[in-house]
Amino acid sequence: MSDVAERVKKIVVNYLNVDEGKVTLEASFIDDLGADSLDTVELVMAFEEEFGVEIPDDAAESIQTVGDAVAFITKQQAA
Amino acid sequence: MAASGRRVVVTGLGLLTPLACGVEETWSKLLAGESGLGPITRFDASDLPCRIAGELKKGPTAEGGFTPEDWVEAKELRRVDDFIVYALVAAAQAVRDAGWEAPSEAEKLRTGVLIGSGIGGLPSIEKATLDLYEKGPRKISPFFIPGSLINLCSGQVAIKYGYKGPNHAVVTACSTGAHAIGDAARLIQRGEADVMVAGGAEGAICRLGIAGFVACKALSTGFNDEPSRGSRPYDKDRDGFVMGEGAGVVVLEDYEHAKARGAKIYAEVKGYGLSGDAYHVTSPAPDGNGGFRSMSAALADAGLTPADLDYINAHGTSTPMGDEIELGAVQRLLGDHAAKASMSSTKSSIGHLLGAAGAVEAVFCALAIRDQIAPPTLNLENPSVETPLDLVPLKARKREIRVALSNSFGFGGTNASLVLTQV
Chain A
265 MSDVAERVKK IVVNYLNVDE GKVTLEASFI DDLGADSLDT VELVMAFEEE FGVEIPDDAA
325 ESIQTVGDAV AFITKQQAA
Chain B
947 MAASGRRVVV TGLGLLTPLA CGVEETWSKL LAGESGLGPI TRFDASDLPC RIAGELKKGP
1007 TAEGGFTPED WVEAKELRRV DDFIVYALVA AAQAVRDAGW EAPSEAEKLR TGVLIGSGIG
1067 GLPSIEKATL DLYEKGPRKI SPFFIPGSLI NLCSGQVAIK YGYKGPNHAV VTACSTGAHA
1127 IGDAARLIQR GEADVMVAGG AEGAICRLGI AGFVACKALS TGFNDEPSRG SRPYDKDRDG
1187 FVMGEGAGVV VLEDYEHAKA RGAKIYAEVK GYGLSGDAYH VTSPAPDGNG GFRSMSAALA
1247 DAGLTPADLD YINAHGTSTP MGDEIELGAV QRLLGDHAAK ASMSSTKSSI GHLLGAAGAV
1307 EAVFCALAIR DQIAPPTLNL ENPSVETPLD LVPLKARKRE IRVALSNSFG FGGTNASLVL
1367 TQV
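Each protein sequence line maps, in turn, to chains A and B. Heads up: the first sequence begins at 265 in the numbering used here, then just goes up one per residue. Heads up: the second sequence begins at 947 in the numbering used here, then just goes up one per residue.
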């Protein structure tokens, strides 16, 4: 996993209180990791804080999996 | 409650106070005359005229210290304000004590929760407001609102244990805890639930909370160098209350229900009285009529007379005016019997827990009945007025206690009295 992926994974494990092994790039926050709508808002805020990026609401809605988050953040950082 | 309906008894106790985390741990320190008050350490209080409070003591759970992680999941801890954590801790103790952690599905439908708070999530509101103005609205956590709403004490306890009966909350300033227990008892009395988890929680020791109460002229400001002497109800040198934090929770139960399952019974909630001052936002009516009427109503509800009272846990916050007004009302109520009763203010030891105070003090009344001992009024060195009442100065007193009454009076002129009796 890339550096961004490692840091995203750490946040997900910490905020959702799930086993590290479950946090794969394919894992869906809601379907696989037990997040609810409030959890996902909190996660997006945590990603913004960690990576110093802004994730607008419409983009946040398209981030369904750990991989989606990693891809979005990587793209933002490259921009 | 004699008037009608079912009898209600106390079958579980939970306490988190500035003295300790735990019922027996708090009670033994209270009886030993220990103080839970100290300098404010949680934030810089150097520019405040009151720099003392009763903060919870962090430490190993096994030694009576407070370790939040032992009670509430780390993920949840981050998402709720302190007062909700405190409610969960005291509720966990009470529910375990009552043996009601895992009732059947049918029993869960008949179990409710009624835990209140006077102020609620003030520390969260303070922090979120700063974030809002410094970082913008996108930095407000989705858990800010559900983590600071007062009724989320009851909500969180119900979610944790699956209690699906009445889910309710009281907000009546410093009368909250007493109103919560009284109202919960009535729900059982009327048959709307068989078991109620009831009480109060407060965690308002933050800069905004202290600054606000200082502005009301309610806090002690003359004992910053001697915190344990700051709360001194009835003493001539008292100059305001000292804020405490924590929670008190009881398990209330229909008497027949408790008997049928062989539950341990601490006391009966025999009477509950309420009244309003209709006088002033912060000051009690000078003639003490509000307190007099709530005490009278509680005794009438219990089918008892003033001469039956053995012990009174006073509201007694250590404010110059309030203490003597309450004392006057109690003396008028008791008449000649005043010389035979004992009345103490346990706020002298733990400070004023605001919305949790009435619940914590109801727990103390249940324990006073169990152990036949009146907890002391610390720092009562020179009473400001003469009284035939035994104010239990400085040291706990062994005595017969069959009937105990607890008073709670709140801002806005809201009064509640509970009568607990030996079963």
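Cβ coordinates follow ideal geometry from the N, Cα and C atoms, glycine included. The structure displayed is predicted, hence computed values, not measured ones.
Its chain contains I1086, F1090 as the residues whose beta carbon lies nearer than 7 angstroms to that of A1074 of chain B, once the 5 sequence neighbours on both sides are disregarded; these appear in chain order.
For the pair L302 of chain A and P1088 of chain B, the CB atoms are nearer than the 7 angstroms cut-off. Around the CB of V1331 of chain B, fewer than 16 other CB atoms lie within 10 Å, so the residue is classed as exposed. Within its own chain, the residues whose Cβ lies closer than 8 angstroms to the Cβ of F989 of chain B, once the five positions on either side in sequence are excluded, are C1152, R1153, listed in chain order.
Under the three-state reduction of DSSP, P1329 of chain B is assigned to strand.
Residue range 1360 to 1367 is occupied by the beta strand (DSSP E) that includes N1361 of chain B. Per the DSSP secondary-structure output, N1259 of chain B pairs in a beta bridge with B:S1290, B:S1352. For the set B:K1106, B:E1202, B:I1156, the Cα lying nearest the Cα of G1137 of chain B is the one of B:E1202. Residue-level contact check: K1021 of chain B touches chain A, since one or more beta carbons of chain A fall below 7 angstroms from its beta carbon. Chain A has no Cβ within less than 7 angstroms of the Cβ of P1322 of chain B. Residue environment for L1340 of chain B: exposed (fewer than 16 other C-beta atoms within 10 angstroms of its C-beta). Taking the Cα positions, V1117 of chain B is about 21 angstroms away from A1231 of chain B. Setting aside the 5 residues that flank it on each side, I1347 of chain B is surrounded in the same chain by D1256, Y1257, A1314, I1315, Q1318, each with a C-beta closer than 6 angstroms to its C-beta; the list follows chain order. Counted as a single uninterrupted DSSP element, the beta strand (DSSP E) harbouring Y1218 of chain B occupies residues 1213 to 1222.
Pairing I1134 of chain B with A1008 of chain B, the inter-Cα distance amounts to about 34 angstroms. Look at P1088 of chain B: its C-beta is under 7 angstroms from a C-beta on chain A. According to the DSSP secondary-structure assignment, D1181 of chain B is paired through a beta bridge with B:P1329. In terms of Cα proximity to D321 of chain A, the closest of A:E314, A:D332, A:V305 is A:V305. Annotation: V955 of chain B to A1131 of chain B spans about 8 angstroms, alpha carbon to alpha carbon. For D1336 of chain B, DSSP records a beta bridge to B:S1288.
Between T963 of chain B and Y1212 of chain B a beta carbon distance of about 17 angstroms is seen, past the 8 angstroms cut, so the two are scored as non-contacting.
Annotation for V1197 of chain B: the continuous beta strand (DSSP E) segment containing it runs 1192 to 1200. Under the criterion of beta carbons closer than 8 angstroms, K1003 of chain B and A966 of chain B qualify as touching, at roughly 7 angstroms.
Against chain B, the CB of E306 of chain A has a partner CB under 7 angstroms away; the residue lies at that interface.
For L297 of chain A, no CB of chain B lies under 7 angstroms from its own CB, so it is not counted at the interface with that chain.
Spanning the alpha carbons of F1238 of chain B and A1157 of chain B requires a straight line of approximately 31 angstroms. Rounded to the nearest angstrom, the gap between the Cα atoms of Y1107 of chain B and D1043 of chain B is 14 angstroms.
E1148 of chain B: member of the beta strand (DSSP E) spanning 1141 to 1148, first to last residue. In this structure, the CA atom of G951 of chain B is about 25 angstroms from the CA atom of S1100 of chain B. Look at F1090 of chain B here: in three-state DSSP terms it is coil, with no helix or strand label.
Its chain contains V1031, L1034 as the residues whose beta carbon lies nearer than 6 angstroms to that of V1018 of chain B, once the 5 sequence neighbours on both sides are disregarded; these appear in chain order. For L1023 of chain B, the uninterrupted alpha helix (DSSP H) run begins and ends at 1020 to 1023, by DSSP. Pairing T1323 of chain B with S1290 of chain B, the inter-Cα distance amounts to about 5 angstroms.
Within the same chain, Cβ atoms closer than 8 angstroms to the Cβ of E1307 of chain B are found at G1123, A1124, G1194, N1259, T1292, S1352, S1354, the five residues on either side in sequence being excluded.
Assigned with DSSP and collapsed to three states, P1069 of chain B falls in helix.
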